[in-house]
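Novice:
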Amino acid sequence: MLQSQLFTKTRKEAPKDESSKNAQLLTRAGFIHKEMAGVYTFLPLGLRVIERIKDIIREELNNIGAHEMKMTALQQKDIWEKSGRWDDEVVDDWFKTPLKNGTELGLAFTHEEVLTNIMKNYISSYKDVPVYAYQFQTKFRNELRAKSGILRGREFLMKDLYDFSLDKEEHDKFYEKMKEVYMSIFTKTGIGEQTYLTMSSGGSFSKYSFEFQTITDAGEDIIMYDENKKIAINKDDYSEEIFDDFGLKKTEFNFKEAKSVEVGDIYTLGEKYSKALGLTYKDENGEEKNVYMGSYGIGIPRLMGTIVEIFSDEKGIIWPKSVAPFDVHLIDLAQQQQAKQIYESLQENGVDVLLDDRQLRPGEKFADSDLIGIPIRIVISKKSLDQGGVEVKNRNSEESQIMSPQALIEFIKEL
RNA sequence: CGGAGCGUGGUGUAACGGCUAACAUUCUCGGUUUGGGACCGAGCGACUCCGGGUUCGAAUCCCGGCGCUCCGACCA
8 MLQSQLFTKT RKEAPKDESS KNAQLLTRAG FIHKEMAGVY TFLPLGLRVI ERIKDIIREE
68 LNNIGAHEMK MTALQQKDIW EKSGRWDDEV VDDWFKTPLK NGTELGLAFT HEEVLTNIMK
128 NYISSYKDVP VYAYQFQTKF RNELRAKSGI LRGREFLMKD LYDFSLDKEE HDKFYEKMKE
188 VYMSIFTKTG IGEQTYLTMS SGGSFSKYSF EFQTITDAGE DIIMYDENKK IAINKDDYSE
248 EIFDDFGLKK TEFNFKEAKS VEVGDIYTLG EKYSKALGLT YKDENGEEKN VYMGSYGIGI
308 PRLMGTIVEI FSDEKGIIWP KSVAPFDVHL IDLAQQQQAK QIYESLQENG VDVLLDDRQL
368 RPGEKFADSD LIGIPIRIVI SKKSLDQGGV EVKNRNSEES QIMSPQALIE FIKEL
């Protein structure tokens, strides 16, 4: 992409209606635009990051036999009444609205009921399960208080996966697998080191569930975590009881306390929704059984915001390679043909390049580059050409090296 | 939903109840400059969030609304 064609601009100052680091940096660098509290537009750079994150998740989920689909954001009232979740006393963050013909509907806050209802068309035999289906969908939560930039929004993109299993045993196996898959996703997006599989109370479906908590001061949760054993307990649930229930000895752990963000959660739903909506199959003996379910969520903007909270310095964002909007930021200070040639040959080799072809002073280009945070910066200038090529520098290091255009291609391809 | 704070050009700030609402930045034009948001000059850009009230006079004081941020509660 040519930076001269990118319509967004950077700002020196953050708008005063943002105080979280993620929203300040993402706004200043031109990744997001706030529409209202908790509601953000993702601009071209921001969308690229979203798509990179989605790609990582997709690859992991497709690997274990899950299939992507896309459900609707408008949902009918009656399937929610069957599970009892239409009631404001049960779920208090609905956005509900009547149609012109009077029919009441809800804006999606989750999709258990919807997908369970869909699956009634496709699951009728024990041979039809397990089914693993997921989507990336806009979710609407009528939060009393949106906060922390893109970490808690009223409208946000969520990856939600649901498993439809034969029985508890089959579901449990998948659940264990998802623990690994989630960890792998968070590792690939760059926050593996800070992210802990965390035990917490499980809500209405089961006594306990697991969530993935990433340590950062921007978080609204508090976890007790063991760095070596790589496990944590949500502080709300940190008790003798939980140790007993999991058969663990408190003395075997060295727990520390930290603020954290819940970047993902995995729930066992059991037969709650299959029973409520009548999703059953016939087993080998012709007997009717309820499908056994689980749900697995990751808030995509929240994950993106968490990454920014962790990886930044006083100059701007420092994207992990895997989720950066571009692989390389090519900065042309020479205003000659070489930059265009390198730009094109990098692209031919499958490298995503942002070429800063604007006629600006070097200082401004460097400042923008640091703010936007693309992991590799390549400068082509009179100075670098005199020294025999281009200057390559990582965003997170001060050192740079000169290499020839040919060597550059090889160097980038190997990363 | 309880509490606190804040709403002034696109952005960030200033202005005792009293001149034409100021400064910086962005933007436009001209000049100079080209390895860390450089410099000089000239411009454009505001019903001071909305509605009432007090006053000779309100960005400023009072009431109501709306919006935003933060703390707490909530987060299936």
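If you read the first sequence in the working numbering, its first letter stands for residue 8, the second for the next number, and so on. Even for Gly, the Cβ is constructed at its ideal location relative to N, Cα and C.
I'd like the list of long-range same chain contacts for L164, defined as Cβ closer than 8 angstroms, with 5 residues on each side in sequence excluded.
Specialist: Taken in chain order, the residues that qualify are I57, F143, Q144, T145, K146, G306, I307, P308.
Novice: Using the beta-carbon count (16 or more within 10 Å), is N29 buried or exposed?
Specialist: buried
Novice: Can L361 and M126 be called in contact, C-beta distance under 8 angstroms?
Specialist: no
Novice: Given a threshold of 16 other Cβ atoms within 10 Å of its Cβ, counted over all protein chains shown, does V358 qualify as buried or as exposed?
Specialist: If you draw a 10 Å sphere on the C-beta of V358, you find 16 or more other C-beta atoms in it, and that means buried.
Novice: Kindly identify the DSSP beta-bridge partner or partners of Q142.
Specialist: D167
Novice: Please return the same chain residues whose Cβ sits closer than 8 angstroms to the Cβ of N297, not counting the five positions on each side in sequence.
Specialist: E278, S281, K282, L286, T287.
Novice: Taking C-alpha atoms, which residue in Y303, D375, T79 lies nearest to Y139?
Specialist: Y303
Novice: Would you call the CB atoms of I381 and R402 closer than 8 angstroms?
Specialist: yes
Novice: Tell me whether the beta-carbon of D334 lies closer than 8 angstroms to the beta-carbon of I387.
Specialist: no
Novice: Taking DSSP as the reference, what is the three-state secondary structure of N297?
Specialist: strand
Novice: Please look up how many angstroms separate the CB atoms of T275 and A239, rounded, as I've assumed it's under 8 angstroms.
Specialist: Under the criterion of beta carbons closer than 8 angstroms, T275 and A239 do not qualify as touching, at roughly 19 angstroms.
Novice: Hey, quick one: how far does the beta strand (DSSP E) through R384 stretch, first residue to last?
Specialist: Its beta strand (DSSP E) spans residues 383-387.
Novice: Out of G293, M43, T15, which one is the CA nearest neighbour of L52?
Specialist: Ranking the options by Cα distance to L52, first place goes to T15.
Novice: Is E187 near the ligand NAP - that is, is its Cβ less than 7 angstroms away from at least one heavy atom of it?
Specialist: Among the ligands in the structure shown, none appear at all, so the ligand NAP cannot be discussed.
Novice: Using DSSP's beta-bridge definition, name the partner residues of R365.
Specialist: Looking at the DSSP assignment, R365 forms no beta bridge with any residue, so it has no partner.
Novice: To test your reading of the DSSP string, which unbroken alpha helix (DSSP H) runs of 4 or more residues are found completely within the region 236-298?
Specialist: Taking only runs of at least 4 residues, the alpha helix (DSSP H) segments lying wholly in the region 236-298 are 247-253, 279-284.
Novice: Using alpha carbons as the reference points, say which of D251, K41, M190, N241 lies closest to A153.
Specialist: K41
Novice: Using a Cβ-Cβ cut-off of 7 angstroms (strictly less than) and excluding sequence neighbours within five positions of S352, which residues of its own chain qualify?
Specialist: I416
Novice: Quick one: grab the DSSP three-state call for M231.
Specialist: DSSP places M231 within a strand segment (E or B) once states are collapsed to three.
Novice: According to the neighbour-count rule (16 or more other Cβ atoms, all chains shown, within 10 Å of its Cβ), is E111 buried or exposed?
Specialist: exposed
Novice: Rounded to a whole number of angstroms, what is the C-alpha to C-alpha distance between L158 and G226?
Specialist: Those two C-alpha atoms are separated by around 9 angstroms.
Novice: Give the straight-line distance between the Cα atoms of T79 and L122, rounded to the nearest whole angstrom.
Specialist: Looking at the two C-alpha atoms, the distance is approximately 10 angstroms.
Novice: Return the chain-ordered list of same chain residues with a C-beta closer than 7 angstroms to the C-beta of I314, the five sequence neighbours on each side being excluded.
Specialist: T196, G197, I198, P327, V330
Novice: Do I249 and G323 have their C-beta atoms closer together than 8 angstroms?
Specialist: Going by beta carbons, I249 and G323 fall outside the 8 angstroms limit.
Novice: For S391, which residues in the same chain have their Cβ closer than 7 angstroms to its Cβ, ignoring the five residues on either side in sequence?
Specialist: V397, E398, I409
Novice: Are the CB atoms of I230 and Y189 nearer to each other than 8 angstroms?
Specialist: no
Novice: Less than 8 angstroms between the beta carbons of Y133 and K289, yes or no?
Specialist: yes
Novice: Taking Cβ to Cβ, would you say A262 is nearer than 8 angstroms to Y299?
Specialist: In the sequence as displayed, the identity of residue 262 is Phe instead of Ala. Not a contact, by the Cβ cut-off of 8 angstroms.
Novice: Is it buried or exposed, R148, if we count other Cβ atoms within 10 angstroms and call 16 or more buried?
Specialist: buried
Novice: For D339, report the span of its alpha helix (DSSP H) as first-last.
Specialist: First-last for D339: 335-339, but that is the beta strand (DSSP E), not the alpha helix (DSSP H).
Novice: Residues bridged to H118 by DSSP?
Specialist: For H118, which the question treats as bridged, DSSP gives no partner whatsoever.
Novice: With A409 as the anchor, note down where its beta strand (DSSP E) starts and where it stops.
Specialist: Per the sequence shown, the amino acid found at residue 409 is Ile instead of Ala. From DSSP, the beta strand (DSSP E) with I409 extends over 407-410.
Novice: Report the three-state DSSP secondary structure of P105 (helix, strand or coil).
Specialist: strand
Novice: What are the complete alpha helix (DSSP H) segments, minimum 4 residues, inside the region 40-85?
Specialist: 51-70
Novice: Looking at R368: is its Cβ nearer than 8 angstroms to the Cβ of Q10?
Specialist: no
Novice: Given this structure, state the Cα-to-Cα distance separating I325 from F318, to the nearest angstrom.
Specialist: 5 angstroms
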